[in-house]
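Asks: Attaching a single structure in structure tokens format; questions to follow.
Residue numbers (this note's numbering), protein chains in the order written: chain Y, 1 to 440; chain U, 441 to 747.
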């Protein structure tokens, strides 16, 4: 049963300040307008608006400039920023009817930077400070971008205190934790910890690329270089500066994609103090911060276990793709002899954020204090008993989790490599809380 | 139009006093929109994590002839009421069934629970909160003590948010100038308009009580707090010669301050007069049957008002 929804547009002739996103209002004395078979509301100057519930949305007027870091993912905005780079480009029409000249580039203010795409001629050079009114924010994959069109107004802006190009370029370096699928023109400094050559064939010719594991203080990810490199495995670890890389992602793990070796320069000095050990490099982040960002590898977080899903326990995986099979059948490979495995599906909550938490066999055995044989026995004795046991071990417990996150339209999922229930001394904690609140 | 994705609602850790004292609710316009309770401390909850002593668990017949369990959980600050029916998941029903036998034999059981928040409105317009459990488990003292501290910390930060909100206008704009996390803004605005002035001292006291119990300062983790007792009458013997109905009548008339008297108060007073649980419950049932008393909400007894 689908209810039919009708969406009407409205015009506000009375500049009513209550009409903000998210507000619930009662409108009296509006008139209905019909044009080309489409109806809309006219809110007249004499109309009365009663605010029933205040909106949670922001009351941005497009004329007020906003910080780049605070830009919404969609919508019309005004931005003041300095041009960091520009480049003429062409977009080829999909139907093959020709191409359009565009200008791509990057603009920054003190809060951050963003790529732009101008569909109109754009003559401002690198370093120019400009005010852009009526730019449209559009998102490609996970990355927002400013679009300048015919209705966008761009004018020089004067502010002697505005940060210089060099300062802005310095701070426009990304970190692994802020990489987003679909980003372009990303500058980043990373430490290469592993590198290997992969061979592939294209048009009958053997070619190769370099696939690397990289790391920085905020996390780890992959890097793919479609060209030859000037260092080898024995030089590792190597610190490199990467310019104008594209960011792709596979299963949520960002991949810094480099097309030419010119984009990479080797640094003589380590970019940060102390060497990072990739095997124990887990960056701690609260759950709400993780949920607000993109997928990340090598994270550590904490929270409360609020659910043990009933499909936790022994599962059957497809031998080809490791997907969990349902009723002896894989989604992709059909009916097949599955491989038995153990995994737990939990929910972790913290500070108003919720995440799925997938736990592998080793961690499941540790948390449940059961052996593989115990799992099999309990499966034969009825699944409910196992679920009740798992809940008795885990439900409402505070845990520390290590692993990686996958963030997509389904929400957030943590694939755990370890889950730990720390021993906490209530007496000590109570004393600490009293001290923190000045209750002693 | 794009269908709105059903997202899981995050849970909050909450002490009984905050939940039980709340009566503002919110529901979106859509058929499947989640419902929320907005607490007196401006926290909007669809799901909460609670813990405490499983104090009462009873089987009730519903109007359509099926069975359901109603129960109450006590933490240092008050009671949570919950019900489990045949619509609840099977492992939960199974566990409740096991627990029922043990609670009936007066075994003290500590439980942890994740539950959806519910509210209902009585005929006189009062709004009452209750819980529909999703998952329950028995827990040990250690886990209970740590849950109490986690919940106390969460409550304390909500008290702090609330007092910070008093320095600005109760509007979204006012709150945006504070350091209160954004996710509380809308619910604090709604709560400030609905509840008006809130006595924060009560909640601070609750936090303190939770800390005391967690620390073991008060040996009350598995025993209910001291019950209010009827004044001792001279010559009162251990075994009363009065019928249990008379004791119940005395307890209700003595303690009822308008809301009714709690089951546990009646029970402990009757027991101190030598009546066992069964006899007292029979007495309660009898008096309800005779139209002398009624149970306007679960676990609370009042005299039937005569016209």
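From the three backbone atoms N, C-alpha and C, an ideal C-beta is built for every residue, glycine too.
Because the structure is a prediction, the values reported are computed rather than measured.
1) Can you list, in chain order, the residues of its chain whose CB lies under 6 Å from that of residue 211/Y, leaving out five sequence neighbours each side?
2) Going by DSSP in three states, residue 24/Y sits in which element: helix, strand or coil?
3) Which two residues bound the contiguous alpha helix (DSSP H) that contains residue 533/U?
4) So which of 300/Y, 364/Y, 68/Y, 20/Y has the shortest CA-CA distance to residue 107/Y?
5) Using beta-carbon positions only, say whether residue 345/Y and residue 312/Y come within less than 7 Å of one another.
6) Taking DSSP as the reference, what is the three-state secondary structure of residue 78/Y?
7) Quick check on this structure: which residue in 522/U, 561/U, 580/U, 518/U has the alpha carbon closest to the alpha carbon of residue 548/U?
8) Rounding to the nearest angstrom, what Cα-Cα distance links residue 203/Y and residue 388/Y in this structure?
9) Is there a Cβ of chain U sitting closer than 7 Å to that of residue 391/Y, yes or no?
10) Measure from the C-beta of residue 602/U to each C-beta in chain Y and report whether the shortest distance is under 7 Å.
11) Measuring CA to CA, which of 219/Y, 207/Y, 184/Y is closest to residue 242/Y?
12) Rounded to whole angstroms, what's the CA-CA distance from residue 91/Y to residue 114/Y? Just pull it up for me.
13) How is the alpha helix (DSSP H) around residue 386/Y delimited, first residue to last?
14) With a threshold of 16 other CB atoms inside 10 Å of the CB of residue 469/U, please say whether the residue is buried or exposed.
15) Kindly indicate if chain Y contains any beta-carbon less than 7 Å away from that of residue 457/U.
16) Quick one: give me the first and last residue of the beta strand (DSSP E) that residue 243/Y is part of.
17) For the 8 Å Cβ check, are there 3 or more pairs between the region 459 to 477 of chain U and the region 552 to 564 of chain U?
18) Can you find a C-beta in chain Y that's less than 7 Å from the C-beta of residue 586/U?
19) Going along the chain, which residues of the region 286 to 314 of chain Y sit with their C-beta nearer than 8 Å to a C-beta in chain U?
20) Whose Cβ in chain U lies nearer than 9 Å to the Cβ of residue 397/Y?
21) Please report whether the beta-carbon of residue 60/Y lies at a distance below 7 Å from any beta-carbon of chain U.
22) Using a cut-off of 8 Å between C-beta atoms, extract the partners of residue 384/Y located in chain U.
23) Compare the C-beta of residue 429/Y with all C-beta atoms of chain U and state if any pair is closer than 7 Å.
24) Give me the Cα-Cα distance between residue 167/Y and residue 28/Y, rounded to the nearest whole angstrom.
25) For residue 558/U, would you say it is in contact with chain Y, using Cβ-to-Cβ distances shorter than 7 Å as the test?
26) Looking only at its chain, what residues have a beta carbon closer than 7 Å to the beta carbon of residue 501/U, apart from the 5 residues adjacent to it on each side?
27) Got a sec: is the Cβ-Cβ distance from residue 623/U to anything in chain Y below 7 Å?
28) Find the nearest neighbour of residue 550/U within the set 400/Y, 395/Y, 424/Y, 417/Y, judged by alpha-carbon distance.
29) At what residues does the beta strand (DSSP E) containing residue 207/Y begin and finish?
30) In the DSSP output, what is residue 695/U paired with across the bridge?
31) Output yes or no for whether 7 Å exceeds the beta carbon distance between residue 18/Y and residue 51/Y.
32) Smallest Cα separation from residue 229/Y: which of 266/Y, 299/Y, 213/Y, 331/Y?
33) Residue 495/U and residue 512/U - do their beta-carbons sit closer together than 7 Å?
Replies: Once the coordinates are examined:
1) If you number the first chain from 1, residue 211/Y lands on position 211. For residue 211/Y, where only same-chain residues beyond five positions count, the Cβ hits under 6 Å are 196, 198, 224.
2) In the first chain, residue 24/Y corresponds to position 24, counting from 1. It is a strand residue.
3) Counting from one through the second chain, the residue named residue 533/U turns up at place 93. Looking at the DSSP string, the run of the alpha helix (DSSP H) that includes residue 533/U is 530 to 544.
4) The sequence position of residue 107/Y within the first chain is 107, counting from 1. Residue 107/Y has its Cα closest to that of 68/Y, out of 300/Y, 364/Y, 68/Y, 20/Y.
5) As a working mapping, residue 345/Y is identified with position 345 in the first chain. As a working mapping, residue 312/Y is identified with position 312 in the first chain. Yes, the Cβ-Cβ distance between residue 345/Y and residue 312/Y is below 7 Å.
6) Indexing the first chain from 1 puts residue 78/Y at position 78. Three-state result, residue 78/Y: strand.
7) Residue mapping note: residue 548/U aligns to position 108 of the second chain, counting from 1. Taking residue 548/U as reference, the option from 522/U, 561/U, 580/U, 518/U with the minimal CA-CA separation is 580/U.
8) Taking the first residue of the first chain as 1, we reach residue 203/Y at position 203. Taking the first residue of the first chain as 1, we reach residue 388/Y at position 388. Here the alpha carbons of residue 388/Y and residue 203/Y stand approximately 58 Å from one another.
9) As a working note, residue 391/Y is residue 391 in the first chain. When Cβ-Cβ separations below 7 Å define contact, residue 391/Y makes contact with chain U.
10) Counting from one through the second chain, the residue named residue 602/U turns up at place 162. Closer than 7 Å: no.
11) In the first chain, the residue the question calls residue 242/Y occupies position 242. Relative to residue 242/Y, the option among 219/Y, 207/Y, 184/Y whose CA is nearest is 184/Y.
12) Numbered from 1 along the first chain, position 91 holds the residue referred to as residue 91/Y. Numbered from 1 along the first chain, position 114 holds the residue referred to as residue 114/Y. Straight-line spacing of the CA atoms in residue 91/Y and residue 114/Y works out to 20 Å.
13) Residue 386/Y sits at position 386 when you count from the first residue of the first chain. Segment 383 to 394, the alpha helix (DSSP H) holding residue 386/Y.
14) Taking the second chain and counting its residues from 1, one reaches residue 469/U at position 29. Counting Cβ neighbours within 10 Å, residue 469/U comes out exposed, since fewer than 16 surround it.
15) For the purposes of this step, residue 457/U is taken as residue 17 along the second chain, with counting starting at 1. With 7 Å as the cut-off, residue 457/U does not count as an interface residue toward chain Y.
16) For this step, residue 243/Y is matched to residue 243 along the first chain. Here the beta strand (DSSP E) through residue 243/Y covers 238 to 250.
17) Result yes; three or more Cβ-Cβ pairs closer than 8 Å.
18) Translated into the one-based positions of the second chain, residue 586/U becomes position 146. Residue-level contact check: residue 586/U touches chain Y, since one or more beta carbons of chain Y fall below 7 Å from its beta carbon.
19) Residues passing the 8 Å Cβ filter: 304, 306, 307, 308, 310.
20) Reading the first chain from its first residue, position 397 is the one you call residue 397/Y. Neighbours of residue 397/Y on chain U, chain order: 552, 579, 583, 586, 587.
21) Here the question's residue 60/Y lines up with position 60 in the first chain. Low local confidence applies: a pLDDT of 48 at residue 60/Y is under 50, so the model's placement there is unreliable, and no value is given.
22) Counted from its first residue, the first chain places residue 384/Y at position 384. Annotation: Cβ neighbours of residue 384/Y in chain U (cutoff 8 Å, chain order): 530, 531, 534.
23) In the first chain, residue 429/Y corresponds to position 429, counting from 1. Yes, residue 429/Y counts as interfacial toward chain U.
24) To locate residue 167/Y, count along the first chain from 1; it is residue 167. To locate residue 28/Y, count along the first chain from 1; it is residue 28. Taken atom to atom, the span from the alpha-carbon of residue 167/Y to that of residue 28/Y is near 53 Å.
25) Here the question's residue 558/U lines up with position 118 in the second chain. Residue 558/U does not count as touching chain Y.
26) Position 61 of the second chain holds residue 501/U. So the qualifying residues of the chain are 507.
27) As a position in the second chain, residue 623/U is number 183, starting the count at 1. For residue 623/U, the answer is yes, since a Cβ of chain Y falls inside 7 Å of its Cβ.
28) Along the second chain, read from residue 1 onward, the residue named residue 550/U stands at position 110. In terms of Cα proximity to residue 550/U, the closest of 400/Y, 395/Y, 424/Y, 417/Y is 395/Y.
29) Position 207 of the first chain, counting from 1, holds the residue named residue 207/Y. Note, residue 207/Y: beta strand (DSSP E), 205 to 216.
30) Position 255 of the second chain, counted from the first residue, corresponds to residue 695/U. None, per the DSSP bridge assignment.
31) As a first step, residue 18/Y is located in the first chain; it is residue number 18 there, counting from the start. As a first step, residue 51/Y is located in the first chain; it is residue number 51 there, counting from the start. Pairing residue 18/Y with residue 51/Y gives a Cβ-Cβ distance under 7 Å.
32) Position 229 of the first chain holds residue 229/Y. Across the set 266/Y, 299/Y, 213/Y, 331/Y, the C-alpha of 266/Y shows the shortest separation from the C-alpha of residue 229/Y.
33) For the purposes of this step, residue 512/U is identified with residue 72 of the second chain, where counting begins at 1. For the purposes of this step, residue 495/U is identified with residue 55 of the second chain, where counting begins at 1. Residue 512/U places its beta carbon less than 7 Å from that of residue 495/U.
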